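To convert, note that position 79 of the sequence shown is 302 in my numbering; the numbers rise steadily by one, no gaps.
The next block holds one structure in the form of structure tokens; read it before the comments.
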Amino acid sequence: MASFNKVILMGNLTRDPELRFTGNNMAVCKFGLAVNRRFKDGATGEWKEEPTFVDVTIFGARAEPFAKYHKKGKPAFIEGSLRLDSWEDKNGGGKRSKLFVVADTWEFVGGGREEGGGGGGGGYERTSGSRSDAGGGDSWGGGEPVSADDTPF
224 MASFNKVILM
234 GNLTRDPELR
244 FTGNNMAVCK
254 FGLAVNRRFK
264 DGATGEWKEE
274 PTFVDVTIFG
284 ARAEPFAKYH
294 KKGKPAFIEG
304 SLRLDSWEDK
314 NGGGKRSKLF
324 VVADTWEFVG
334 GGREEGGGGG
344 GGGYERTSGS
354 RSDAGGGDSW
364 GGGEPVSADD
374 TPF
């Protein structure tokens, strides 16, 4: 049977990104993302929000720019896949496991450039190197033109 593992999330960072490097100098960025589910309570009819907290890891060339331009509380949009990490508890607690997301790409969302966000209405750059809106007249937050030279990656 075929399988499919794709995750698309948009939420706010729950902590500042933690950037580290492996022994062979590969960047690894870890952060938490809070994603809210909004629903109407069947009993009361009131709208409620329920947060889900997700741990996210980005490897390689996309990790450093993410850590540089994001911080706790800021929004982020990521695409990736689910991974399961398993290990033996050092204190004799048995086998442990954790489900997390490995991000393949990310995009700026939300506030202005100086705050680490991207153009809220478009004009942002995908980390994969392709324009997300391949047209002219792009703007970044405040409305100034954007070129490939303006992006930090």
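Glycine residues also receive a C-beta, built at the ideal position from the N, C-alpha and C atoms.
Fair warning: this is a prediction, and the values are worked out from it, not measured in the lab.
By Cβ distance, which residues of its chain are closer than 6 Å to residue i, with the 5 residues on each side in sequence left out?
i	result
E241	K253
K263	W270
E287	A250
Ignore the nearest five residues each way along the sequence and tell me which others in residue i's own chain have a CB closer than 8 Å to its CB.
i	result
T237	F254, G255, L256, A257, F276 and K295
F244	A250 and V251
K318	S309, W310, E311 and D312
Rounded to the nearest angstrom, how far is the Cβ of residue i from that of residue j, given a contact under 8 Å?
i	j	result
G303	V325	5 Å
E273	R285	Incorrect: roughly 29 Å between the Cβ atoms, too far for contact.
For the candidate residues the options, whose alpha-carbon lies nearest to that of residue i?
i	options	result
F282	K229, W329, G316 and I231	W329
V279	I301, N247, M224 and A225	I301
F227	G315, R306 and G316	R306
Mapping DSSP to helix, strand and coil, what is residue i?
i	result
G346	Its pLDDT being 32, under 50, G346 is placed unreliably by the model, and the measurement read from it follows with that caveat. Correct three-state label for G346: coil.
G303	strand
K229	coil
E287	helix
How many angstroms separate the CA atom of residue i from the CA atom of residue j?
i	j	result
K297	N235	5 Å
K313	K229	32 Å
K271	E311	38 Å
F323	G268	33 Å
Y292	K321	27 Å
A299	I231	11 Å
For residue i, I'd like the list of residues in its chain whose CB is within less than 7 Å of its CB, leaving aside the five on either flank, ordered along the chain.
i	result
F289	P240, C252, I281 and W329
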